[in-house]
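Report on the structure given below.
Numbering (full-length UniProt numbering), first residue to last: 1 to 950.
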């Protein structure tokens, strides 16, 4: 693929392609001269490869027509490189870091500019002779080995003397000293002599160097010494590089190896499914549950599966994603006959296809976790123990009954199915066929393949099928609000006496019958779950015939509802149905509700009978586990209300799971038999989707977000920016955050409507000694670090930011603020990259901060902490002068929903650490940094938000 791209780019650079078309004979001649030897192919099969991989649309003996998307993409790449060749914009010289005017020819012809241009483009042309001997003779008044390397620690001054000695037998004129990289501001160089000095043989002059580094770094500091010889106009340019190795206690986290991208063999992974499988040993199961509606397989249809395989083979970008893949989405749409945009007419066909595409991607992605590892036989059992890196972070997510495959080698065509019996913090216990004992060797490493558990995708497909066959799809596209008949609504006595008016309005609206989904739009910290709990309580208390099902995408969210309800409702009327994921890892999360969950006294999981489940007035479960109620045969009309909390975090088809077959039936076509209540925030993170193409086509949009964005029934009304409370109640009182923390997200995402109603707890850090502004508990700390990747991981990390993170944590943890002792559980560290999470945890373990929560934005969705520290990671390294023109891609940071979630987790103190020069290219981050600047609350190196670069 790289050779094909290289060929097309070369044609562009040679101007052979014009207006997306090229003369066939010119293309052939260029190929024969430059590429035939490399490819060992004749012109026709090579052109066929261009066509197969979408670079060429068609060709004939006269002309070759190239794809417009690819050509536009390559042109943009070449334009970026063109900037790198000039380094001059309309207003600034990037090389010299000075203002520049297009008419200023003096600058582009200046000696210093030409030297810098030669350094980045033709470094080898500098003189490498021994005419001058340059070495460091002293550092901080101590004699040092005569080299050009400075090794030092952070947070201390460096004063060095650099000797320039004439190593020849004739006089040399020292005309100038040019600091090549003017962007390095923390190194200062000065001369002990006048420029133009005549230096005799074996004589020397000195340079004085002063430096100070707040963060660790390893880089070359290039200088060019310009010399001349008496009586000649010829100049010689001597390049010398001073090596700085500045270390900290966390330098061990750095890497010496560059990241090497591995080629994704998606087709090979899919073909591995054809291997011979020796079945594993199932875990014991206690169950009184019986399926009355069998869960079908819902496999990808053969015709679509063939198309997907063809697409992956011809265009791997379909599963790899990235900018080049996005350029081809229109082609993928045409090939698969599916386009962006979901409506009532294409709902079933589009969603079904997207579910198949998502399943295909999941089955490929899960194999990213394949590894080589030894297994350990568990004495006293028939099980084997396997250590799984990343298990605690759900990377990969493994549940009891999942399947792991063990092969003697990667190329073996026989694999042993290991069924998961137990999930611990770092290991799992597998049940393998007894035949595995015959080949098992202790300490031998086996090839481990992770299997994709199809249950979750099957119940999504089932829900979609039932929604279509029960005729309720139009109910998901309401066009009008029907006039509600007055009912004898009882006078309400709220269990929670501090509910605000919007929360009370939402509860009252839920109690009024309606045949369309009701939405509680709850921005961060506004009490969505409190409102759900109160509504469930009122239904339980005032409507004896009501039956309530409360679901959430995650176990943590479902547990939170259960914790609150168990305090106000009889335990005999409530049950928290958990799936088969229960293990010692999650055991502590159930202590308060241990009496109302399906776990035996010996801590083993069991599945209750439907009869026992349906006796309860209120059932709480996850969206996926709710499918058990569908397949178990919940009678039509049994549940009167279905709440889906945090529904913005679920795909639309996931949201259908507790609706289709529970609030619908084949007997009552086209009608919902109960009420749907959706809570969530479309401005926060949506569902996690594996296929970027499925996301593009709409699969990643939640039902909540689609209704609020596209359905008139849920639109804001008039100029007051309010909603019709019959369909939507927006909660606007924020009880979580200090008003300064809330300000930017409020203005950017919530039209400035949120009101900070936090108690004195949110003001804990006002007046903290480390604040720049005593009344402003928000800090932006500018760090010009380096984002790097390890050889085998595509995830970025930034050691310099880790140093700053730990420095702040030392100032916070175990210290007293306003008489309160700050503990680890008060603090959260958020960073968008998995490798940075791992490195920060390693750094924290050195200080015994083992209960401190460090995680991704996704892991913090729905959580809060008194103090939040954010490490943004991405950076543009000023020490890598040759790359100074290259733009840093923000990646995850450019997602406004991630930005919103990250900034709204903090209650009393928010600290953001990052490179302002990179972050300011995004409007949201720029707004936040500007806000901190305006309030005199920035730390670290000086920077400016004004940007003269184009």
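For each residue, glycine too, the CB sits at the ideal point set by N, CA and C.
So what's residue i in DSSP terms, helix, strand or just coil?
{"i": "residue 529", "result": "helix"}
{"i": "residue 610", "result": "helix"}
{"i": "residue 23", "result": "strand"}
{"i": "residue 6", "result": "helix"}
{"i": "residue 482", "result": "coil"}
{"i": "residue 176", "result": "strand"}
{"i": "residue 932", "result": "helix"}
{"i": "residue 322", "result": "helix"}
{"i": "residue 392", "result": "helix"}
{"i": "residue 498", "result": "coil"}
{"i": "residue 143", "result": "strand"}
{"i": "residue 783", "result": "coil"}
{"i": "residue 563", "result": "helix"}
{"i": "residue 151", "result": "strand"}
{"i": "residue 353", "result": "helix"}
{"i": "residue 512", "result": "coil"}
{"i": "residue 908", "result": "strand"}
{"i": "residue 796", "result": "strand"}
{"i": "residue 358", "result": "helix"}
{"i": "residue 42", "result": "coil"}
{"i": "residue 220", "result": "strand"}
{"i": "residue 202", "result": "coil"}
Could you tell me which residues DSSP pairs with residue i in its beta bridges?
{"i": "residue 93", "result": "88 and 98"}
{"i": "residue 371", "result": "448"}
{"i": "residue 407", "result": "447"}
{"i": "residue 420", "result": "430"}
{"i": "residue 228", "result": "173 and 235"}
{"i": "residue 816", "result": "821"}
{"i": "residue 58", "result": "65"}
{"i": "residue 161", "result": "138 and 208"}
{"i": "residue 18", "result": "21"}
{"i": "residue 552", "result": "622"}
{"i": "residue 376", "result": "385"}
Using beta carbons (cut-off 9 angstroms, strictly below), is residue i in contact with chain C?
{"i": "residue 518", "result": "The structure shown contains no chain C; it holds only a single protein chain."}
Whole angstroms is fine: what's the gap from residue i's alpha carbon to residue j's?
{"i": "residue 902", "j": "residue 65", "result": "46 angstroms"}
{"i": "residue 869", "j": "residue 544", "result": "47 angstroms"}
{"i": "residue 576", "j": "residue 941", "result": "52 angstroms"}
{"i": "residue 615", "j": "residue 573", "result": "8 angstroms"}
{"i": "residue 598", "j": "residue 578", "result": "7 angstroms"}
{"i": "residue 409", "j": "residue 447", "result": "5 angstroms"}
{"i": "residue 131", "j": "residue 198", "result": "14 angstroms"}
{"i": "residue 205", "j": "residue 788", "result": "39 angstroms"}
{"i": "residue 345", "j": "residue 693", "result": "21 angstroms"}
{"i": "residue 584", "j": "residue 78", "result": "In this predicted model, residue 584 has a pLDDT of only 48, less than 50, meaning its place in the structure is not dependable; the value taken from the coordinates is given anyway. Cα to Cα, residue 584 sits roughly 55 angstroms from residue 78."}
{"i": "residue 277", "j": "residue 415", "result": "5 angstroms"}
{"i": "residue 527", "j": "residue 859", "result": "19 angstroms"}
{"i": "residue 867", "j": "residue 50", "result": "54 angstroms"}
{"i": "residue 114", "j": "residue 699", "result": "53 angstroms"}
{"i": "residue 733", "j": "residue 525", "result": "8 angstroms"}
{"i": "residue 1004", "j": "residue 667", "result": "Shown here, the chain extends from 1 to 950; a query on residue 1004 therefore has no answer."}
Are the CB atoms of residue i and residue j nearer to each other than 9 angstroms?
{"i": "residue 243", "j": "residue 213", "result": "no"}
{"i": "residue 466", "j": "residue 661", "result": "yes"}
{"i": "residue 943", "j": "residue 924", "result": "no"}
{"i": "residue 61", "j": "residue 24", "result": "yes"}
{"i": "residue 460", "j": "residue 654", "result": "yes"}
{"i": "residue 799", "j": "residue 251", "result": "yes"}
{"i": "residue 677", "j": "residue 832", "result": "no"}
{"i": "residue 9", "j": "residue 30", "result": "no"}
{"i": "residue 568", "j": "residue 727", "result": "no"}
{"i": "residue 521", "j": "residue 703", "result": "no"}
{"i": "residue 12", "j": "residue 75", "result": "yes"}
{"i": "residue 68", "j": "residue 239", "result": "no"}
Is any non-hydrogen atom of the ligand GTP found closer than 8 angstroms to the C-beta of residue i, if you look at the structure I gave you?
{"i": "residue 119", "result": "Absent from the structure shown: the ligand GTP. Ligands present: none."}
Discussion item. What ranges does the alpha helix (DSSP H) occupy inside the region 587–647, keeping only unbroken runs of at least 4 residues that lie completely in it?
Written reply: Restricting attention to alpha helix (DSSP H) runs no shorter than 4 residues, the region 587–647 encloses them at 610–614 and 627–631, ordered along the chain.
Discussion item. Please give me, in chain order, every unbroken run of the beta strand (DSSP E) with length at least 3 that falls completely inside the region 671–699.
Written reply: If we require 3 residues or more, the beta strand (DSSP E) runs fully inside the region 671–699 come out as 675–680.
Discussion item. Extract the residue ranges of the alpha helix (DSSP H) inside the region 722–757, only unbroken runs of 4 or more that lie entirely within it.
Written reply: Listed in chain order, the complete alpha helix (DSSP H) runs (minimum 4 residues) inside the region 722–757 are 739–749.
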